[in-house]
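Note that this note's numbering has the sequence shown beginning at 1, numbered continuously upward. Cβ atoms here follow ideal geometry from the backbone N, Cα and C, with glycine treated the same way. The model shown is predicted, which means the values in this text are computed figures rather than measured ones.
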Amino acid sequence: GWQSNTRGVSYVFGADVVNDTLPLLDIDLIARAHQACWNFCAFQVVQDGYEFFANKRLVTIFSAPHYCGQFDNAAAMMNVDEGLVCSFQVETYKKIMRPTIKANKVVARSS
């Protein structure tokens, strides 16, 4: 079923909702992107770049590596070929360079 999330600004749903929705839309897979999860009041991102749910009938793709400079997560891209076969490319990045401004100069720093 459906229920409000812990922040009260959106809803979470169970595998039953996925299984009921697929035949209504005549599709085999729901793909969503950049869904951060609130799990038992703790913020989580998809650590491995993608994650399946509901017996692999829904996939969450997260393509922002090292999210907000605070998480050690990978990024993923989903490729769909002509036969509608899905594959995933996962990328990990250890150091992220970000510009900072010091005395009218742009200096790169790592996070």
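Own chain, CB closer than 7 angstroms to residue i, minus 5 neighbours either side, in chain order
i	result
residue 3	11 and 12
residue 76	49, 50, 61, 62, 63, 88, 89 and 90
residue 45	36, 62, 67, 71 and 73
Burial state of residue i (16 or more Cβ within 10 Å)
i	result
residue 88	exposed
Residue i versus the options, residue with shortest Cα-Cα distance
i	options	result
residue 30	45, 52, 1 and 100	52
DSSP state of residue i mapped onto helix, strand, coil
i	result
residue 22	helix
residue 59	strand
residue 50	strand
residue 15	helix
Own chain, CB closer than 8 angstroms to residue i, minus 5 neighbours either side, in chain order
i	result
residue 18	30, 53, 54, 57 and 58
residue 9	none
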